[in-house]
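Participant: Okay, here's the structure, questions in a sec.
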Ligand code: CMP
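Numbering (the numbering used here), first residue to last: 100 to 242.
So this is what it looks like as structure tokens:
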């Protein structure tokens, strides 16, 4: 069993797509181990997107991700990192295939609705940012 960090971004929350997107993960048979709504601070954004901080699009990404609440989920399943990334589709909603979450609901590169960890190392690092030790009992859910 594996665990990943999924973030429903401000555009997802504001467009009222949370339920539909969480349902897709549930329908796939994945387990929602923890979930919380929060406001991402600029320092959390820099920590989460450390690999992008020097990129030209980063200021705009930080402005977007800190603009309104997000929902963080810890999701469990077999090969869940690869499975969820496949369900999201390409980063740019305009290029994502129909049938994927971004392909069906997004037409933007930045406002692409959902973030998901891209490797076991990223998942471990990102889960710690959003689910600080003691902040929830997701560790008790079977891994
Ligand atoms: P995400 O999967 O959260 O990982 C990094 C995010 O940066 C990405 O989704 C997009 O929201 C955003 N992003 C990636 N590339 C670009 C880009 N070229 N221009 C603007 N935003 C981008």
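A virtual CB, placed ideally from N, CA and C, is assigned to each residue, including glycine.
Could you tell me the distance, in whole angstroms, from the CA atom of residue 109 to the CA atom of residue 181?
Facilitator: Those two C-alpha atoms are separated by around 23 Å.
Participant: Check whether the Cβ of residue 156 lies closer than 6 Å to any heavy atom of ligand 1, and answer yes or no.
Facilitator: For ligand 1, at least one heavy atom lies less than 6 Å from the Cβ of residue 156.
Participant: Mind the definition here: the region 121 to 134 touches the region 169 to 181 only if three or more C-beta pairs lie below 8 Å; say whether that holds.
Facilitator: Contact between the region 121 to 134 and the region 169 to 181 is present, because at least three Cβ pairs lie under 8 Å.
Participant: Using the Cα positions of residue 214 and residue 190, report the straight-line distance between them to the nearest angstrom.
Facilitator: Distance between the alpha carbons of residue 214 and residue 190 is about 9 Å.
Participant: Return the bridge partner residues of residue 205 from the DSSP annotation.
Facilitator: None, per the DSSP bridge assignment.
Participant: Of the residues 196, 129, 217, which one's Cα is nearest the Cα of residue 177?
Facilitator: Checking every option, the nearest Cα to that of residue 177 belongs to 129.
Participant: Only counting the same chain, and skipping five residues up and downstream in sequence, which positions put a Cβ closer than 7 Å to that of residue 160?
Facilitator: So the qualifying residues of the chain are 148, 151, 209.
Participant: Cβ-heavy atom distance between residue 147 and ligand 1 below 6 Å?
Facilitator: No, ligand 1 has no heavy atom inside 6 Å of this Cβ.
Participant: Going by DSSP, what residues sit across from residue 175 in a beta bridge?
Facilitator: In DSSP, residue 175 forms a bridge with 102, 130.
Participant: Run the CB neighbour count on residue 142, radius 10 Å, all protein chains shown included, and call it buried at 16 or more, exposed below.
Facilitator: The residue is exposed, with fewer than 16 neighbouring Cβ atoms inside 10 Å.
Participant: In chain order, what residues of the same chain have a beta carbon less than 7 Å from the beta carbon of residue 166, not counting five sequence neighbours either side?
Facilitator: Closer than 7 Å at Cβ, skipping near neighbours: 109.
Participant: Where in the region 142 to 168 do unbroken runs of the alpha helix (DSSP H), each at least 4 residues long, occur, reported from the N-terminal end onward?
Facilitator: Whole alpha helix (DSSP H) segments, 4+ residues: 157 to 164.
Participant: Cβ atoms of residue 101 and residue 183: under 7 Å apart, would you say?
Facilitator: Contact flag unset, no.
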